[in-house]
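Count along the first sequence from 1, add 1472, and you get the number used in this note's numbering. All C-beta atoms, glycine included, are put in the ideal place defined by N, C-alpha and C. Computed from a predicted model, the values in this text were never measured in an experiment.
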Amino acid sequence: MRYWLIKSEPTTYAIDDLERMQQDHWEGVRNYQARNYMRDEMEVGDLALFYHSNATPPGVAGIARVCEEAHPDFTAWDPESKYFDPKSTPENPRWMMVSVAFVEKFSRLISLEELRDYPELKEMVLLQKGSRLSVQPATQKEFEFIRNLAHEAVHS
DNA sequence: GCCAACGTTGGC
DNA sequence: GCCAACGTTGGC
């Protein structure tokens, strides 16, 4: 299995929304590289860090699991949707999405600022200059390191 | 195929 | 709101 990091602006769709839904389509990805990761490499059972972008502060809010492999993103066909793309049709869908299931919400947000503090994470795709992919791979070590941070008892 | 102009992302 | 870094579009 593989590990991922998926970004969402919490004002649009936060980890709390996924918790409420339990499972949902990961719609609205309109970047080819991010689409390709979903279409070609994501498998059911893969785990993803759920990242809140454009937030105060930005950071990893929890974990989701891929629960359905890539299928056409039908929001691209809906003229009323903010994700509408007239170049995508049911006959020739341009955009794909997976479905994800809620796994857990961290008891504390692991902020971007904190992530930058750890040498163990300095190779993370998220932390590279200019990196802004909304679906990106993470290593097992990175994933587990961050999950462990979230699960650690808080020391004073 | 080049590349200028424009649009988006996302931290700050 | 600013702006750096990317990505896309479209004329040529």
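If I follow the unbroken beta strand (DSSP E) through residue i, where does it start and stop?
{"i": "ALA1632", "result": "What the structure shows of the chain is the stretch from 1473 to 1628, and residue 1632 is not part of that stretch, so it cannot be assessed."}
{"i": "GLN1608", "result": "1607 to 1610"}
To which residues of the same chain is residue i closer than 6 Å at the C-beta, ignoring the five residues directly before and after it?
{"i": "ALA1542", "result": "MET1510, ARG1511, MET1568, VAL1570"}
{"i": "TYR1523", "result": "LEU1477, LYS1479, VAL1532"}
{"i": "MET1596", "result": "GLU1614"}
Taking 7 Å as the limit between beta carbons, can you name the residues of its chain near residue i, skipping five residues before and five after?
{"i": "GLU1585", "result": "PRO1529"}
Tell me which residues share the same chain as residue i and place their Cβ nearer than 8 Å to its Cβ, disregarding the 5 neighbours each side in the sequence.
{"i": "ALA1486", "result": "SER1480, HIS1524, ALA1533"}
Checklist entry - Quick one: any contact between the region 1606 to 1615 and the region 1474 to 1484, if contact means 3 or more CB pairs under 8 Å? => result yes
Checklist entry - Can you list the alpha helix (DSSP H) stretches of 4 or more residues lying completely in the region 1478 to 1543, in chain order? => result The region 1478 to 1543 contains these whole alpha helix (DSSP H) runs: 1487 to 1493, 1504 to 1508.
Next on the checklist: Does the contact criterion of 3 or more C-beta pairs under 8 Å hold for the region 1573 to 1584 versus the region 1488 to 1496?
Outcome noted: Output reads yes: the region 1488 to 1496 touches the region 1573 to 1584.
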